[in-house]
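J.: Below is the structure I would like to discuss, written out as structure tokens.
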Amino acid sequence: MASTHGAQVLVASNRGPVSYELREDGALHARRGGGGLVSGLSAIGPDAGALWVCSALSDGDREAVRRGEGEPGVRMLDIPADVHADAYNGIANSVLWFVHHMLYQTPLEPVFDEDFRRQWSSYETYNRAFAEALAAEAAEGAAVIVQDYHLALVPGLLRTLRTDLRIGHFSHTPWAPPEYFRMLPDDISAQLLKGMLGADRLGFLTHRWANAFTACCEEFAGGPGDTRIGVHGLGADADFLRERAHRQDVQDRMTSLRTEIGEGRKAIVRVDRTELSKNIVRGLLAYRHLLDLHPEWREQVVHVAFAYPSRQDLAVYRDYTAEVQRLADEINASYGTPTWTPVVLHVQDDFARSLAAYRLADVALVNPIRDGMNLVAKEVPVVSDQGCALVLSREAGAYEELGEDALGVNPYDIVSTAHALHDALTMPPAERAERTKRLAASATALPPAQWFLDQLNALTR
114 MASTHGAQVL
124 VASNRGPVSY
134 ELREDGALHA
144 RRGGGGLVSG
154 LSAIGPDAGA
164 LWVCSALSDG
174 DREAVRRGEG
184 EPGVRMLDIP
194 ADVHADAYNG
204 IANSVLWFVH
214 HMLYQTPLEP
224 VFDEDFRRQW
234 SSYETYNRAF
244 AEALAAEAAE
254 GAAVIVQDYH
264 LALVPGLLRT
274 LRTDLRIGHF
284 SHTPWAPPEY
294 FRMLPDDISA
304 QLLKGMLGAD
314 RLGFLTHRWA
324 NAFTACCEEF
334 AGGPGDTRIG
344 VHGLGADADF
354 LRERAHRQDV
364 QDRMTSLRTE
374 IGEGRKAIVR
384 VDRTELSKNI
394 VRGLLAYRHL
404 LDLHPEWREQ
414 VVHVAFAYPS
424 RQDLAVYRDY
434 TAEVQRLADE
444 INASYGTPTW
454 TPVVLHVQDD
464 FARSLAAYRL
474 ADVALVNPIR
484 DGMNLVAKEV
494 PVVSDQGCAL
504 VLSREAGAYE
514 ELGEDALGVN
524 PYDIVSTAHA
534 LHDALTMPPA
544 ERAERTKRLA
554 ASATALPPAQ
564 WFLDQLNALT
574 R
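Residue numbers (our numbering): 114 to 574.
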């Protein structure tokens, strides 16, 4: 039954625009996030009748739901913690993420056993909770844009509940090619495609990922049917980044980083979560090979590596984080001198420090083995002070837009990556500045607010 007083525009995502911290005195403290969706919903104006449906992720979030506290325009779902854990960690992050990023060590994994089936049931329950909430909240003919692999079943489930709605879905990850997607059990792959194809329109970050999805539909679902497919390459928010990068806290961190790097030395910068697909370990190996291949760079360059812990509730991520730390320590022990630390590694998340590193970077290393887009590759050229050479994996979605002015690399080949780092370090300043200018223009071609509005307009046309 269609709602007669509901929202006209709805967004659904696992994480919402606000989170709550439950303090010792029992008070709830709200923290607001940012990003493309926040910018997009702001761009459509306060009178658009918009609603964001998201999941309660923390004890503070769940307490806010129980107390009936919340932000205007946000509905937070109190899905049972065990169901959410199975759906989010068990399926979304340990299966779907691994499939789309092609991360499995196939001699040993995956193993789709009874425990997987139990977790899949939670994933269905989790998606159904979103579909039912959206159906209850949406006005007649409303536009609903569902976000990402966490909610791949929602479009199909929602379509059975509300045939009047215009439903979109956007994938922020790559999409697996058919030969990898078929690794999933047949009924699961069919259910995922059916869920996605319940949408009127599907959005992807690049043509490559859109084409991979279409190929899976052709092979396993008889084609995409009436579902339209579009590409929206999310860009950097230039105005926000440039303003934020010149605040005092960033200036202070630039001073500290200059001290850590040392006077007159060049900086190779990377900023990543310790996500398996980000390829931090091979980046460190390539830097070590650079020091062997070109010993003249010893004491002349520092690798500033920010590796912020991610998904530490999963053992494989904890092990990967430990390996990043171990390898950085090994490089410093092998090559360092009393006056030179080859790798400056920071693992405590600090956005102001990341922006400081962007501004100081001579070279940015972005070498994921597979990435939906990678906004770091787009953000660095926007805020770089003196121009920055970009060494970019051709497996990053951003390569589709930035490849012409970046130094492209095979992310598995540490020798070629070391050569690219040397070329980047020796790039003439005028060429580096000109490339940075073109990179920044490409990186900001579709800023977050416009990215969201383009999807909404395409869906409602």
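Backbone N, C-alpha and C fix where the C-beta goes; we use that ideal spot for every residue, glycine too. Since this is a predicted model, take the numbers as computed values, not measurements.
Only counting the same chain, and skipping five residues up and downstream in sequence, which positions put a Cβ closer than 7 Å to that of Ala470?
T.: Leu370, Val382, Val384, Val417 and Phe419, listed in sequence order.
J.: Using the beta-carbon count (16 or more within 10 Å), is Ala312 buried or exposed?
T.: Flag for Ala312 reads buried.
J.: Classify Glu253 as helix, strand or coil using the three-state DSSP reduction.
T.: Glu253: strand per DSSP, three-state reduction.
J.: Measuring CB atoms only, is the stretch 219-235 touching the stretch 190-201, in the sense that at least three cross pairs come out at less than 8 Å?
T.: Because the criterion of three Cβ pairs below 8 Å is met, the stretch 219-235 and the stretch 190-201 touch.
J.: Could you give the DSSP three-state label for Thr319: helix, strand or coil?
T.: Coil at Thr319, not helix or strand.
J.: For Pro337, I'd like the list of residues in its chain whose CB is within less than 7 Å of its CB, leaving aside the five on either flank, ordered along the chain.
T.: Within the same chain, Pro337 has close Cβ partners Leu310, Thr327 and Cys330.
J.: Could you give the DSSP three-state label for Met367: helix, strand or coil?
T.: Three-state DSSP puts Met367 in a helix.
J.: Quick one: residues in its chain with C-beta nearer than 8 Å to the C-beta of Thr454, no 5 flanking neighbours on either side, listed in chain order?
T.: Glu373, Val415 and Asn445, listed in sequence order.
J.: Near Arg136, which residues of its chain fall below 7 Å by C-beta distance, leaving aside the five closest residues on each side in sequence?
T.: Within the same chain, Arg136 has close Cβ partners His142.
J.: Find the nearest neighbour of Val166 within the set Asn206, Arg179 and Ala251, judged by alpha-carbon distance.
T.: Here the closest residue by C-alpha is Ala251.
J.: Among Ala289, Ala477, Val493 and Gly269, which has the Cα closest to the Cα of Arg355?
T.: Nearest of Ala289, Ala477, Val493 and Gly269 to Arg355, Cα basis: Val493.
J.: Which of the three DSSP states is assigned to Tyr217 in this structure?
T.: Reduced to three states, the DSSP call for Tyr217 is coil.
J.: Along the chain, where does the beta strand (DSSP E) that runs through Val417 open and close?
T.: Val414 to Tyr421 is the span of the beta strand (DSSP E), which, as asked, contains Val417.
J.: Going by other Cβ atoms of all chains shown within 10 Å of its Cβ, with 16 needed for buried, is His359 buried or exposed?
T.: It counts as exposed.
J.: Sorry if obvious, but does the Cβ on His416 come closer than 7 Å to a heavy atom of the ligand SAH?
T.: The model depicted lacks the ligand SAH and carries no ligand whatsoever.
J.: Would you kindly work out how many angstroms separate the C-alpha atoms of Thr117 and Arg180, rounded to a whole number?
T.: Any reading at Thr117 needs caution, since the residue's pLDDT is 45, under 50, leaving its predicted position unreliable; the model's value is listed next. Going by the C-alpha atoms only, they are around 26 Å apart.
J.: Would you tell me roughly how many angstroms separate the C-alpha atoms of Ala380 and Cys501, rounded to the nearest one?
T.: Roughly 10 Å separates the two Cα atoms.
J.: When you compare only the Cα positions, how much space is there between Leu164 and Asn523?
T.: The alpha-carbon atoms of Leu164 and Asn523 are separated by roughly 42 Å.
J.: Drop a sphere of 10 angstroms on the beta-carbon of Thr434, count the other beta-carbons inside from all chains shown, and report buried for 16 or more, exposed for fewer.
T.: Buried.
J.: Taking C-beta to C-beta, are Ala205 and Asp191 nearer than 8 Å?
T.: No. Outside cutoff.
J.: Are at least three pairs of beta-carbons, each pair with one atom in the stretch 544-562 and one in the stretch 514-521, less than 8 Å apart?
T.: Because the criterion of three Cβ pairs below 8 Å is met, the stretch 544-562 and the stretch 514-521 touch.
J.: Between which two residues does the alpha helix (DSSP H) containing Met540 stretch?
T.: Unbroken run through Met540: none, as it is neither H nor E.
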